[in-house]
Amino acid sequence: MTSAGEPEYTRDELIAELGISTEYAEKMWNAFGFARQNTDEKVFTAAEVEALRFFAHSDETIPQAAQVPVARAIGQTMSRLADWQAEQLIEFDKNPEIPWTRDQMALALGLIQQMIWRRHLSAALERDIAHPHDESQELVVGFVDIVGYTSLSRRIGMAELEILLEIFEDQTHEIIAKSGGTVIKTLGDAVMFTFTEASGAAEAALAIHRLSEDDRIPSLRVGLARGHILTRLGDVFGEPVNIAARLCGSARPGTTLVDQAVADELADTPSVHLRPIPTLSVRGYRRLKARVLTANRYNRSDSAGSENTDAGPTVP
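With the UniProt record's numbering, letter number 160 in the sequence shown gets 160, and the count goes up by one each step, no holes.
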């Protein structure tokens, strides 16, 4: 089920061919998420050996200290993708109306995967070349989650739950992308994202709440925080991440909470209203300042929709 050729190398032969230690091989093997293989079984193709040779001797491009984390990130990403593809292939295989064999569909999925990856890589390179940034940068971090998800998942069937999560993920991802943001990851019933500008994050938050006009989607809540974060292997870390998560968890159904930094940036934005609330006491932050973000119904140029709000003039 691969176009990389026939397996020619055992695991021990691979180690010898690459000139690496057994200890290093074990470490990388575990990082990629591979199960233990019979050392006498030929499982590696010549093309795979050459690919692993580049990785094993990449000290000049990937510092040795970063090789295991990079391998782990690749392994986890590809493992999730493979799990999903396996599920789809089995479903396709059961459908008598699909004329292709499982191997043919697997090959097609591989080609599609390469095409999508190349396009994403090209876009990412263009973006980073045009707007170079350090690992540490200032961004707006956001979380959106489904209110009452735990109890809801107990009440509805698995098929309904799958439909709900699919709609939730598809719609939130689309809104975030169209508003100029980046989806970092999906965490079950939550989506984590970043924006360079608070205005884009606010636009996305307001649009996300309108998704609940669809009877299939429960109320949602959003938390936004701005500050310096560390970007690492496609993920983000730092205090704004923690604050955004706490704000999301503290928001009432159908509302967005923002921290002081986001509120300050949005103070002169006519399309939104910021309502002050008492300081929050949440895990790690005993006096967290926050504002409720809603669409400003007094702004006639705003086309954000008819979200319920008690808004008046913007509160700085």
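For every residue, glycine included, the Cβ atom is placed at its ideal position computed from N, Cα and C. Please read all numbers here as calculations on a predicted model, not as lab measurements.
Nearest neighbour of residue i, chosen from the options [CA to CA]
i, options, result
"residue 137", "31, 21, 260, 230", "230"
"residue 57", "25, 74, 186, 75", "25"
"residue 216", "250, 140, 166, 125", "166"
"residue 339", "185, 51, 163, 206", "Residue 339 lies beyond the stretch modelled for the chain, which goes from 1 to 316, so this question has no answer here."
"residue 69", "15, 187, 233", "233"
"residue 197", "73, 142, 96", "142"
"residue 27", "44, 248, 65, 199", "65"
"residue 77", "158, 277, 151, 113", "113"
"residue 209", "183, 228, 295, 126", "295"
"residue 199", "99, 119, 150, 274", "274"
"residue 183", "40, 158, 236", "236"
Rounded Cβ spacing between residue i and residue j (contact assumed at less than 8 Å)
i, j, result
"residue 262", "residue 224", "5 Å"
"residue 181", "residue 193", "5 Å"
"residue 111", "residue 85", "Incorrect: roughly 12 Å between the Cβ atoms, too far for contact."
"residue 146", "residue 189", "4 Å"
Other residues of its chain near residue i: CB distance less than 7 Å, five sequence neighbours each side excluded
i, result
"residue 17", "9, 49"
"residue 255", "221, 292"
"residue 15", "22, 25"
Inter-residue spacing [alpha-carbon to alpha-carbon] between residue i and residue j
i, j, result
"residue 253", "residue 299", "24 Å"
"residue 93", "residue 160", "23 Å"
"residue 29", "residue 272", "51 Å"
"residue 6", "residue 106", "16 Å"
"residue 291", "residue 257", "6 Å"
"residue 54", "residue 89", "31 Å"
"residue 238", "residue 245", "11 Å"
"residue 284", "residue 52", "43 Å"
"residue 87", "residue 81", "10 Å"
"residue 117", "residue 286", "44 Å"
"residue 121", "residue 178", "19 Å"
"residue 172", "residue 205", "9 Å"
"residue 203", "residue 297", "14 Å"
"residue 12", "residue 46", "14 Å"
"residue 207", "residue 74", "32 Å"
"residue 214", "residue 250", "23 Å"
"residue 176", "residue 163", "20 Å"
"residue 115", "residue 228", "34 Å"
"residue 95", "residue 277", "55 Å"
"residue 158", "residue 41", "39 Å"
"residue 67", "residue 99", "42 Å"
"residue 126", "residue 248", "32 Å"
"residue 20", "residue 83", "30 Å"
C-beta contact flag for residue i and residue j at 8 Å
i, j, result
"residue 280", "residue 293", "no"
"residue 174", "residue 226", "no"
"residue 79", "residue 148", "no"
"residue 201", "residue 140", "yes"
"residue 72", "residue 124", "no"
"residue 243", "residue 259", "yes"
Sequence-distant residues of the same chain with beta carbon closer than 8 Å to residue i, five excluded per side
i, result
"residue 1", "Because the pLDDT at residue 1 is just 47, under 50, the model does not fix this residue reliably, and the point stays unresolved."
"residue 169", "186, 191"
"residue 43", "7, 9, 10, 11, 37"
Spatial neighbours of residue i in its chain, beta-carbon cut-off 6 Å, leaving aside the 5 residues before and after
i, result
"residue 219", "147, 212, 253, 254"
"residue 153", "161"
"residue 195", "140, 181, 201"
"residue 151", "none"
"residue 270", "299"
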